[in-house]
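Notes for the one structure printed next.
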Amino acid sequence: MVQPLVFAVGIIGNILSFLVILAPVPTFYRVYKKKSTESFQSVPYAVALLSAMLWLYYALLTSDLLLLSINSIGCLMFTVKLVCSMNLALFGAMVAVLQLCVKGDRRVTLAGGIGASFALAVFVAPLTIIRQVIRTKSVEFMPFWLSFFLTLSAVVWFFYGLLMKDFFVATPNVLGLLFGLAQMVLYVVYKNPKKNAAVSEAAAAGEAQQVEVKDQLQMQLQASPAVAPLDADLEAAASATPEPSADHTDVVIGRRSVVVDIPPPPQPPPALPAVEVA
25 MVQPLVFAVG IIGNILSFLV ILAPVPTFYR VYKKKSTESF QSVPYAVALL SAMLWLYYAL
85 LTSDLLLLSI NSIGCLMFTV KLVCSMNLAL FGAMVAVLQL CVKGDRRVTL AGGIGASFAL
145 AVFVAPLTII RQVIRTKSVE FMPFWLSFFL TLSAVVWFFY GLLMKDFFVA TPNVLGLLFG
205 LAQMVLYVVY KNPKKNAAVS EAAAAGEAQQ VEVKDQLQMQ LQASPAVAPL DADLEAAASA
265 TPEPSADHTD VVIGRRSVVV DIPPPPQPPP ALPAVEVA
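Our numbering numbers the first residue of the sequence shown as 25 and each following residue consecutively.
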C-alpha cells in the first residue's frame, strides 16, 4: 500500500515540478522579444539550475527514477535560460570532491545535504525582489505562476520525502511552503498595480499642486509693494524711517509701521464786526 502511494505522490510531484519549470517561459519570451531583462532577477534561475543538477546527482546515487527524470528536464530547461560557467564549475567541483574523496553512505548524506541547501535557496531566491515590490507597489517583475507552482510543489515533495523517510527531500520543502505563502501574501497586497499607481499619482499630483500654489504666492508677495518686508527688512525700514512731526502719526498695518499725514482741524469762521443800531 505504501509503495503505490509513494509512487502516486512522486508522479504528482513531478507534474507540479514540470509546471514550475514551465512557469518562467512567458518571462523568457518577454526577455527574448524585448532584448532586455528589464528588472527581472536572474538569481532564481541560476540557483534553480544548480539545484536541479545537484538533485540529479543525488538521484543517481539513490537510484530514484522520479527525481532523476524531473531534474533532467529541469537542467535542460534552466540551461536554456542561462548558462553560467561559475555554476557549472561549482557543480563540477562538488561532484569531483564527493566522488573522489567521500565513500559509501557518507557521500549520499553530503550530496543530500548540499542539495537540500540549494533547494532552500531556490525557494528564497524569488524573495530577493521583495524590496522592489514593496517600493514600487507592483508585482510586475515577480512572476506569479513561478511562486504559485513552487508552493504547490513544496507541499507534494514534502509528503513524498516524508513517505520515503528521506528528510533531505522533506525538510527544505517545509520552508519552501512558508516562503511560497509569503510571496502569495505579497500578491494579495499588491495584486492591483493600477489602483496602487493611481493612488501614488494622485498623491504626487497633490504635492505638485501644493508646490505650485506656494510658488505663486511667493511671486505675488515679491511683486506687491503694499506688502511689508520680511523680518530682516523690517528692522532696516524702521531705522530708516524719520521721526514723525506733530502733523504726522504712526499707524500700524499688519507688521509694518506706516507714517500717515493728518490734516489740521478746521478753524472757526472769523467773528463779524459789531454794528450799532440807531
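Quick reminder that beta carbons are idealized off the backbone N, C-alpha and C, glycines included.
Self-check item: Uninterrupted beta strand (DSSP E) stretches inside the region 140 to 221 (no shorter than 3 residues)
Solution: none
Self-check item: Nearest neighbour of L176, chosen from A140, N216, A117, Q207 [CA to CA]
Solution: Your numbering for residue 176 matches position 152 in the sequence shown. Among A140, N216, A117, Q207, the Cα nearest to that of L176 is on Q207.
Quiz item: How many whole angstroms separate the CB atoms of V179 and L205, which I take to be in contact at a CB cut-off of 8 Å?
Solution: The sequence position of residue 179 within the sequence shown is 155, counting from 1. The sequence position of residue 205 within the sequence shown is 181, counting from 1. Not confirmed; about 10 Å, so no contact.
Self-check item: Straight-line gap, R54 to R130 (C-alpha atoms, nearest Å)
Solution: Within the sequence shown, residue 54 is the residue found at index 30, counting from 1. Within the sequence shown, residue 130 is the residue found at index 106, counting from 1. About 44 Å.
Quiz item: In three-state terms, what does DSSP make of P50?
Solution: Taking the sequence shown and counting its residues from 1, the one referred to as residue 50 is at position 26. If DSSP states are grouped into helix, strand and coil, P50 belongs with the helices.
Quiz item: Can you tell me whether P68 is buried or exposed, with buried defined as 16 or more other CB within 10 angstroms of its CB?
Solution: In the sequence shown, residue 68 corresponds to position 44, counting from 1. That one is buried.
Self-check item: Exposure label - P28; buried when at least 16 CB within 10 Å
Solution: To locate residue 28, count along the sequence shown from 1; it is residue 4. Answer is exposed; the Cβ neighbour count stays below 16.
Quiz item: What residues in its chain sit with their C-beta under 7 Å from that of L174, if we drop five residues either side in the sequence?
Solution: What you label residue 174 is simply residue 150 of the sequence shown in a count that begins at 1. Answer for L174: V44, F147, G200, G204, listed in chain order.
Exercise. Examine the Cβ distances between the region 125 to 143 and the region 183 to 195 and report whether three or more of them are shorter than 8 Å.
Key: yes
Quiz item: Exposed or buried, C99, counting other C-beta atoms within 10 Å across all chains shown (16 or more means buried)?
Solution: What you label residue 99 is simply residue 75 of the sequence shown in a count that begins at 1. By the 10 Å Cβ count, C99 comes out buried.
Quiz item: Between I39 and F102, what straight-line distance do the alpha-carbon atoms span, to the nearest angstrom?
Solution: As a first step, residue 39 must be located in the sequence shown, where it is residue number 15. As a first step, residue 102 must be located in the sequence shown, where it is residue number 78. Taking the straight line joining both Cα atoms gives about 17 Å.
Quiz item: Can you tell which of L124, A149, V119 has the C-alpha that lies nearest to the C-alpha of A135?
Solution: Taking the sequence shown and counting its residues from 1, one reaches residue 135 at position 111. Nearest option by C-alpha distance: V119.
Exercise. Look at I153 and F165 and say whether their C-beta atoms are less than 8 Å apart.
Key: Walking along the sequence shown from the start, residue 153 turns up at place 129. Walking along the sequence shown from the start, residue 165 turns up at place 141. Contact flag set, yes.
Practice problem: Would you grab the beta carbon distance between V344 and A145 for me? Rounded to a whole angstrom, and I think it's under 8 Å. | Solution: Nothing in the structure corresponds to residue 344, since the chain is present only between 25 and 302.
Exercise. Please list, in chain order, all residues of the same chain as I97 whose beta carbon is under 7 Å from its beta carbon, the five residues on each side excluded.
Key: Residue mapping note: residue 97 aligns to position 73 of the sequence shown, counting from 1. Once the five neighbours on either side are set aside, the close Cβ partners of I97 are F42, I45.
Self-check item: Span separating the alpha-carbon of L186 from that of K59
Solution: As a working mapping, residue 186 is identified with position 162 in the sequence shown. As a working mapping, residue 59 is identified with position 35 in the sequence shown. Roughly 43 Å separates the two Cα atoms.
Quiz prompt | Where E236 sits in the DSSP three-state scheme | solution = To locate residue 236, count along the sequence shown from 1; it is residue 212. In this structure, E236 counts as helix in the three-state DSSP scheme.
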